[in-house]
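Participant: With the UniProt record's numbering, letter number 244 in the sequence shown gets 244, and the count goes up by one each step, no holes. For glycine and all other residues, C-beta sits at the position ideal for the given N, C-alpha and C. In this text the structure is predicted, and so the values were computed from the model without any measurement.
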Amino acid sequence: MSRCVAPDPIKLEDAAPCNWQQPDFTEFVSMERETPTYQKYGWTRTERIVDGNNPVMCSGTDTTTCKFTYDSSSKTLTAKVVTALVPKLLVRKNPSTGEPLRDEKNNYVVVEYETFKNGANSRKTFAAQGLMLVERDPAEVDASTYKNMIEKTLNQGNYKLILDECQKGGACGCRIAVKFCVDVHVVREADAPALNPNITINLFPTTARADAKNWPESEYELDSSGNGKVPKITQTKAHETGHLFNFPDEYWEQGGFVHSIYVKSGRDIDFTLADANKAANKIWVIETDNNLMGGGCAKPIASIPPYYLEYIRRWFSARTHKLWRVGYNAPAAAAKKTEISSGSSAAKTKVAHAKK
Numbered sequence: 001m002s003r004c005v006a007p008d009p010i011k012l013e014d015a016a017p018c019n020w021q022q023p024d025f026t027e028f029v030s031m032e033r034e035t036p037t038y039q040k041y042g043w044t045r046t047e048r049i050v051d052g053n054n055p056v057m058c059s060g061t062d063t064t065t066c067k068f069t070y071d072s073s074s075k076t077l078t079a080k081v082v083t084a085l086v087p088k089l090l091v092r093k094n095p096s097t098g099e100p101l102r103d104e105k106n107n108y109v110v111v112e113y114e115t116f117k118n119g120a121n122s123r124k125t126f127a128a129q130g131l132m133l134v135e136r137d138p139a140e141v142d143a144s145t146y147k148n149m150i151e152k153t154l155n156q157g158n159y160k161l162i163l164d165e166c167q168k169g170g171a172c173g174c175r176i177a178v179k180f181c182v183d184v185h186v187v188r189e190a191d192a193p194a195l196n197p198n199i200t201i202n203l204f205p206t207t208a209r210a211d212a213k214n215w216p217e218s219e220y221e222l223d224s225s226g227n228g229k230v231p232k233i234t235q236t237k238a239h240e241t242g243h244l245f246n247f248p249d250e251y252w253e254q255g256g257f258v259h260s261i262y263v264k265s266g267r268d269i270d271f272t273l274a275d276a277n278k279a280a281n282k283i284w285v286i287e288t289d290n291n292l293m294g295g296g297c298a299k300p301i302a303s304i305p306p307y308y309l310e311y312i313r314r315w316f317s318a319r320t321h322k323l324w325r326v327g328y329n330a331p332a333a334a335a336k337k338t339e340i341s342s343g344s345s346a347a348k349t350k351v352a353h354a355k356k
């Protein structure tokens, strides 16, 4: 297993002249997400989830894909994913007919999607739970704000890749702007393949807990005044899109997909290392209030640290045979040099699929 040292992010200074050139290119790239399986925890570090005498496992590695496009005129590297959102309902199935169950008003008996309870991470099929999916009309869905919201969050740092070990340091003119791009399409399932999407996502009216392949159209929370559910603004869609760009989770409670450096013996989380890295602001922490892949997911605004470009930095270094680091313009919590396992994550130019 190879090892990789992620260079410190560096504060950018006024750029010195640089004649480095890279021809335009477009490549479809796959990367391995480094989130191995481990035994699920509850809400505390000592609460382990079991089913009878058997440990309940969670997380798992996967392959993510995106399209990298380099524009030499602007020296910009764009990482793009295409998402096909298919409006769905999760409903109960009539065991006698195999058709969707309906109530006395002839409405579907709808069940709220929850990834660990009945969804992708429940390790049970919908059919085994007496559930099924039915499509909704795409015309009923207004997704016009999704793209802008997701990209605004992912690109807020205006980070760049800057050549490492240059004598000019943060003034090195050898720098590349990095942009995340997300194309969002709402379609019927039969029409999704024509888009050649990186991922096809079920879009439910609401979810109790989403995942990369199952999103909520809207989100709500209980109002403290007793008025029932009220609309809630979160960064759930940007968080789940982050997984499509290979980001791990930065939380562990209830089954977060944490980075491999924190999983020991294929079963336990190394909380000693987690605490040390959090205190030192190391790469891919597993407890954070405001980062997008942690607690910021549930808030209206989430933070994007410089190290969120780590997988792009790693891939571009391999692509150009030069070592790059992440540069930032404003004060940021720069991560210390961190030795992390690259495993089989060397980027390969092929198309695969992603899921949380």
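#1: Hey, how far is the Cα of E32 from the Cα of E240?
#2: At which residues does the beta strand (DSSP E) containing G327 begin and terminate?
#3: Can you grab the Cα-Cα spacing for the pair P248 / E104, in whole Å?
#4: For W20, count neighbouring Cβ atoms within 10 angstroms of its own Cβ and tell me buried if that reaches 16, exposed if not.
#5: Please classify I162 as buried or exposed, where buried requires at least 16 other C-beta atoms within 10 Å of its C-beta.
#6: Among the residues of its own chain, which have a CB less than 6 Å from the CB of C18, if the five just before and after it don't count?
#7: Name the DSSP beta bridge partners of C66, please?
#8: Which class does A335 belong to by DSSP, given the choice of helix, strand or coil?
#9: Please check the pair N329 and L12, which I expect to be a contact at CB under 8 Å, by giving their CB distance rounded to whole angstroms.
#10: Using only CA atoms, which one of N106, T69, L133, L222 lies nearest to K93?
#11: Can you have a look at W43 and say buried or exposed, based on whether 16 or more other CB atoms are within 10 angstroms of its CB?
#12: Do N198 and T65 have their C-beta atoms closer together than 7 Å?
#13: Assuming L323 and P7 make a contact with CB atoms under 8 Å, what is their CB distance in whole Å?
#14: From the DSSP output, in three-state form, read off H185 for me.
#15: Which residues in the same chain as L101 place their Cβ atom closer than 7 Å to its Cβ, once the five residues preceding and following it in sequence are excluded?
#16: Count the other C-beta atoms from every protein chain shown that fall within 10 angstroms of the C-beta of L222, then say buried if there are 16 or more, exposed otherwise.
#17: Cα separation between A120 and D211?
#18: What are the complete beta strand (DSSP E) segments, minimum 3 residues, inside the region 197 to 237?
#19: On the three-state DSSP scale, how would you describe N148?
#20: Between A79 and the rest of its own chain, which residues show a CB-CB distance below 8 Å, the 5 nearest in sequence each way excluded?
#21: Determine the contact status of Q235 and A302, defining contact as a CB-CB distance below 7 Å.
#22: Are H185 and A279 touching if we call contact CB-CB under 7 Å?
#23: What residue range does the beta strand (DSSP E) around E310 cover?
#24: Please look up how many angstroms separate the CB atoms of P205 and E135, rounded, as I've assumed it's under 8 Å.
#25: CA-CA distance, K299 and N148?
#26: Using the beta-carbon count (16 or more within 10 Å), is Q39 buried or exposed?
#27: Following the continuous alpha helix (DSSP H) through K160, name the residue where it begins and the one where it ends.
#28: Tell me the residue span of the alpha helix (DSSP H) that contains A276.
#29: Evaluate N118 with the Cβ neighbour count: other Cβ atoms within 10 Å of its Cβ, from every protein chain shown; 16 or more gives buried, anything less gives exposed.
#30: What is the residue span of the beta strand (DSSP E) that K88 lies within?
#31: In angstroms, rounded to a whole number, what distance separates the CA positions of D268 and W284?
#32: When we look at the beta-carbon of K152 and count the other beta-carbons within 10 Å, is it buried (16 or more) or exposed?
Facilitator: Walking through what the data contain:
#1: Separation of E32 and E240 (C-alpha to C-alpha, rounded to the nearest whole angstrom) is 16 Å.
#2: 324 to 328
#3: Rounded to whole angstroms, P248 to E104 spans 44 Å at the Cα level.
#4: Flag for W20 reads exposed.
#5: buried
#6: G173, C174
#7: DSSP lists V29 as partners of C66.
#8: With a pLDDT of 45 at A335, under the threshold of 50, the modelled position of that residue is not reliable, and the figure given next carries that caveat. Coil, per DSSP.
#9: 5 Å
#10: Scanning N106, T69, L133, L222 for the CA closest to the CA of K93 turns up L133.
#11: exposed
#12: yes
#13: That pair is a contact at about 7 Å.
#14: strand
#15: V91, R92, K93, N94, V109
#16: exposed
#17: 8 Å
#18: 199 to 204, 207 to 209, 214 to 216, 220 to 222, 229 to 231
#19: helix
#20: C66, K67, F68, V178, K179, F180, C181, F245, I312
#21: yes
#22: no
#23: Not the beta strand (DSSP E): E310 falls in the alpha helix (DSSP H), residues 310 to 320.
#24: Going by Cβ atoms, the distance from P205 to E135 rounds to 13 Å, so no, they are not a contact pair.
#25: Spanning the two alpha carbons is a distance of roughly 17 Å.
#26: buried
#27: Run containing K160: none in the alpha helix (DSSP H); it sits in the beta strand (DSSP E), 160 to 163.
#28: 271 to 279 is the span of the alpha helix (DSSP H), which, as asked, contains A276.
#29: buried
#30: 76 to 92
#31: Within the model, the alpha-carbon separation for D268 versus W284 is close to 17 Å.
#32: exposed
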